[in-house]
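S.K.:
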Amino acid sequence: MAHASSSLPKALKDAFLAALVAALLALPMLGFRLADTAQGLELEPRLSWVPIAAAIVFAGRLALNLAAPWLAKWKDRAPAGKPKLILRPSRKPLYVGIAMAIAALVLPLTPFGDRNILDKATLVLIYVMLGWGLNIVVGLAGLLVLGYAAFYAVGAYAFAILAQVYGLTFWQCLPISGAMAAIFGLLVGFPVLRLRGDYLAIVTLGFGEIIRVILLNFASLTGGPNGISGVPRPSFFGMPMTPSSPNGTTFHEFFNIPFSPVQRIVLLYYVILLLALVTNMVSLRIRRLPAGRAWEALREDEIACRSLGINPTSSKLSAFALGTAFAGFAGCFFATRQGFISPESFTFLESAVILAIVVLGGMGSQTGVVLAAVLLVGLPEWFRDLAQYRMIAFGAAMVLIMLWRPKGLLAGRTPTIRLNKGDAI
Amino acid sequence: MNYFLQQMINGVTLGAIYGLIAIGYTMVYGIIGMINFAHGDIMMIGAFISLIAFLVVGALGVTAVPLALVLVLLGALVFTASYGWAVERVAYRRLRGSFKLAPLISAIGMSIVLQNMVQLVQGARVKPLQPIITGGIELSAAGSDYPVTLGWLQILIIVLTIALMAGFTFLIQRTSLGRAQRATEQDMGMANLLGINVDRVISMTFVMGAALAGVAGLMVTLYYGVVDFYIGFVAGMKAFTAAVLGGIGSLPGAMLGGLLIGLIEALWSGYGSIEYKDVAVFAVLILVLMFRPSGLLGKPEVEKV
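Those protein sequences? They're chains V and Y, same order as listed. Offset between the first sequence (1-based) and this note's numbering: plus 7. Offset between the second sequence (1-based) and this note's numbering: plus 14.
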């Protein structure tokens, strides 16, 4: 693609070659279908699919080649300018963020805020929160973690088990879930954080799988593959959101309004919105503290940091613990929203989705995370009917966005303090 | 003792398969420093292609098992290798020299695409294959309580792996392509200046890795007798563990690591609990990375400014 040319004969030739390769690839996988029959496995030829696949690739490649000059203009351009010390990058993201937060706050009051939309918005917000939490680890501290769902699972299971065994409520368990996830984060992080970036990624992936296998097999505590059901719903300052309650007033009795199940959905929506905003606030503020500065510096150059007296291990550990704590909070919320959890919800794919949100959004960019979460989680929710194609589109989006904008949709890797490169130094 | 021997045989067979996959990881990592996350799924594609090839060969009326095996092997090699080439061309080439995580993310995306594509076009059900090679040599002495069998299939897998390894070592050590590849691995920029077509060398690396993964896929199909779209993930993780254990970037290391991982898995399933066999493998990975990040045969990496 790098040498794609705009002249027509060249583009045609290139597209033809691509179509040839596509036909070769499609021949075994698309050309024959393995069909289960009573006599065992049988082959069902459908060779007509091969030229169709080749034709699609031909058309796509040709269009891409012809559009290449226009696409090139869209690519990231390096900022040019005189060297200057930027203490506070532009305030624009701040206003965008405030506008988005206000829009999110009033959503349930607007006519759009019906049950369906709120449900989906809650789901998107869970991922926004997870994305912001992981952003602390990946975006700020530069630690690639592929097992984030494990900490999410720890938070969810901590709440579900505590609620089941000791009858604790959502609000009591919320801090415990976060703390549990952070403790797990410290336990994992302590030995492995000195590893290089990609090794760290694989080790955390391995850890995520270990947690999942343990959840699946430690049935006496976790319910095994059946999971835990009947996780309690959150209350509003101790008032349950139920039609009636044996002990105390319920929410609708207190406010003297008729009971409606939508009230609980609105409450869930506001709880996750609050949690997400807290996550956002913490990660925005911590960037201005020495700890956050140290993380960003470590991300850029670890050796320089060490020679400046920053302890890399404890810095990374603190970032890891904070990031995993937010996963724990989100897990706790997830458990209360679903009312049911099982290891199915915490597979590697979950980690990949969260990481994709962070990276596609542009690492370090808070607004980018929201955008990517809406794109990757929200949009597919609307196209549930196309569930089969959903995951392909999701994977393809990861590849394409990386190819198109390797730094993410909104490249936010700007350090909080920066000296613009110029010939002055 | 007999039980232990049987587990060792099973472990070596598994290890041979893991080793073949691990080579793909280790070569790609050695040459461009990225973890080819989709490599396990390339193996899965290889398994599907060999399953389809078996049925095609059967439909064409080839009944002699050795001939059928050779044809299927060639088919799996060629088609899987072209998948490896295409994946590199589409998803990785443009990201070379980009910031470090970009190729990894792209690879994860590619892995998701491959898995779901196969699920879509071939269905999510597990695909069974009747055993093609059965029987074996009874190794145990007469009258012993636990019979030890060395299956013909196991012999085939081990011999084929050794042959491939020998050919591969020759390719890397003696041919001009191998020389170009080693040069690229040492210093890509310099190799480029000296007239080596680096793009082509990297493409060939992916092709070779994928071809070996295709053979591994064929072995998995024959050995387990079932294939589904998800087998690539776990097998890929284990093979990656093998590559890291042996020292990533080192070819004999990949083989040794594969062997060790196969043995660990077989012995753990034999003596420990079969549910936790994946945990054992991942725990090994974590321990190796903690205490010997350069692996058993790898060169320690010096971090420089």
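Even glycine gets a Cβ: it sits at the ideal position worked out from N, Cα and C. No experiment lies behind these values; they were computed from the predicted model shown.
I need the boundaries of the beta strand (DSSP E) containing residue 150/Y, first residue and last residue.
M.R.: Per DSSP, residue 150/Y belongs to the beta strand (DSSP E) from 150-152.
S.K.: Do you know offhand how far residue 414/V's Cα is from residue 281/Y's?
M.R.: For residue 414/V and residue 281/Y, the distance between alpha carbons rounds to 45 Å.
S.K.: How would you label residue 252/Y, buried or exposed, when you count the other beta carbons within 10 angstroms and need 16 or more for buried?
M.R.: Buried, since its Cβ has 16 or more Cβ neighbours within 10 Å.
S.K.: If the cut-off is 7 Å on Cβ atoms, which residues from the stretch 255-281 of chain V count as contacting chain Y, listed in chain order?
M.R.: So the list is empty, because no residue satisfies the distance condition.
S.K.: Are the CB atoms of residue 273/Y and residue 29/Y within a distance shorter than 7 Å?
M.R.: Taking 7 Å as the Cβ cut-off, residue 29/Y and residue 273/Y qualify as a contacting pair.
S.K.: What is the rounded straight-line gap between the Cα of residue 153/V and the Cα of residue 72/V?
M.R.: If you take the alpha carbons of residue 153/V and residue 72/V, they lie about 34 Å apart.
S.K.: I want to see whether chain V comes within less than 7 Å of residue 292/Y, judged by CB atoms only; does it?
M.R.: It does; some Cβ of chain V falls within 7 Å.
S.K.: Tell me, please, which residues DSSP counts as bridged to residue 36/V.
M.R.: Partner(s): none; residue 36/V has no beta bridge.
S.K.: Quickly, what does DSSP pair residue 236/V with across the bridge? List them, please.
M.R.: Paired residue(s): 347/V.
S.K.: Taking only beta carbons into account, state which residues of the stretch 304-320 of chain V come closer than 7 Å to chain Y, listed in chain order.
M.R.: The stretch 304-320 of chain V vs chain Y, Cβ under 7 Å: 310.
S.K.: Less than 8 Å between C-beta atoms, sequence neighbours within five positions excluded: which residues of the same chain meet that for residue 126/V?
M.R.: For residue 126/V, where only same-chain residues beyond five positions count, the Cβ hits under 8 Å are 272.
S.K.: What in chain V is Cβ-close to residue 147/Y, meaning under 7 Å?
M.R.: The contacting residues do not exist; residue 147/Y stays about 17 Å from chain V at best.
S.K.: Comparing the C-beta of residue 51/Y with each C-beta of chain V, is any distance below 7 Å?
M.R.: Output row for residue 51/Y: interface = no.
S.K.: Using alpha carbons as the reference points, say which of 179/V, 202/V, 211/V, 195/V lies closest to residue 242/V.
M.R.: Ranking 179/V, 202/V, 211/V, 195/V by Cα distance to residue 242/V puts 179/V first.
S.K.: Taking 7 Å as the CB-CB limit, is residue 20/Y close to chain V?
M.R.: Cβ-Cβ to chain V under 7 Å: no for residue 20/Y.
S.K.: Using a 10 Å radius around the Cβ and a threshold of 16 neighbouring Cβ atoms, would you call residue 395/V buried or exposed?
M.R.: By the 10 Å Cβ count, residue 395/V comes out exposed.
S.K.: Once DSSP output is grouped into helix, strand and coil, what is the label at residue 240/Y?
M.R.: Of the three classes helix, strand and coil, the one that applies to residue 240/Y here is strand, per DSSP.
S.K.: Show which residues of chain V have a CB atom less than 8 Å away from the CB atom of residue 132/Y.
M.R.: 36, listed in chain order.
S.K.: Look up residue 141/Y in the DSSP assignment and say whether it is helix, strand or coil.
M.R.: In this structure, residue 141/Y counts as strand in the three-state DSSP scheme.
S.K.: In three-state terms, what does DSSP make of residue 41/V?
M.R.: Residue 41/V: strand per DSSP, three-state reduction.
S.K.: Quick check: what's the CA-CA separation for residue 53/Y versus residue 250/Y?
M.R.: Approximately 7 Å, taken between the alpha carbons.
S.K.: Determine whether the beta carbon atoms of residue 102/Y and residue 217/Y lie at a separation below 7 Å.
M.R.: Taking 7 Å as the Cβ cut-off, residue 102/Y and residue 217/Y qualify as a contacting pair.
S.K.: According to the Cβ coordinates, are residue 277/V and residue 129/V closer than 7 Å?
M.R.: No.
S.K.: Please list the partners that residue 320/Y has in chain V, where partner means a Cβ-to-Cβ separation under 7 Å.
M.R.: Only positions 15 to 319 of chain Y appear in the structure, and residue 320/Y is not among them; the question remains open.
S.K.: Under 9 Å between beta-carbons, which chain V residues line up against residue 306/Y? List them in chain order, please.
M.R.: Chain V residues near residue 306/Y: none, gap ~12 Å exceeds 9 Å.
S.K.: Does the Cβ-Cβ distance between residue 155/V and residue 384/V come in under 7 Å?
M.R.: The answer is no: Cβ separation not under 7 Å.
S.K.: In chain Y, what lies closer than 8 Å to residue 39/V by C-beta?
M.R.: By Cβ distance, chain Y contributes 66, 69, 70.
S.K.: Name the DSSP bridge partner or partners of residue 222/V?
M.R.: For residue 222/V, which the question treats as bridged, DSSP gives no partner whatsoever.
S.K.: What in chain V is Cβ-close to residue 123/Y, meaning under 9 Å?
M.R.: Within 9 Å Cβ-Cβ: 359, 363, 401, 402, 403, 404, 405, 406, 407, 408, 409.
S.K.: Out of 303/Y, 270/Y, 293/Y, which one is the CA nearest neighbour of residue 25/Y?
M.R.: When each option's Cα is compared against that of residue 25/Y, the closest is 270/Y.
S.K.: What does DSSP give as the partner residues of residue 47/V in its beta bridges?
M.R.: For residue 47/V, which the question treats as bridged, DSSP gives the partners 44/V.
S.K.: Quick one: list the residues of chain V neighbouring residue 289/Y, beta-carbon separation under 9 Å, in chain order.
M.R.: In chain order: 220, 223, 224.
S.K.: Please list the segments of the alpha helix (DSSP H) lying wholly inside the stretch 176-204 of chain V, counting only runs of 4 or more residues, in order along the chain.
M.R.: DSSP runs (the alpha helix (DSSP H)) wholly in the stretch 176-204 of chain V: 177-199.
S.K.: Roughly how many whole angstroms lie between the Cα atoms of residue 133/Y and residue 126/Y?
M.R.: Near 11 Å, if we compare the C-alpha coordinates of residue 126/Y and residue 133/Y.
S.K.: I need the straight-line Cα distance from residue 182/V to residue 309/V, nearest angstrom please.
M.R.: The alpha-carbon atoms of residue 182/V and residue 309/V are separated by roughly 32 Å.
S.K.: Please classify residue 120/Y as buried or exposed, where buried requires at least 16 neighbouring CB atoms within 10 angstroms.
M.R.: With 16 or more Cβ atoms within 10 Å of its Cβ, residue 120/Y is classed as buried.
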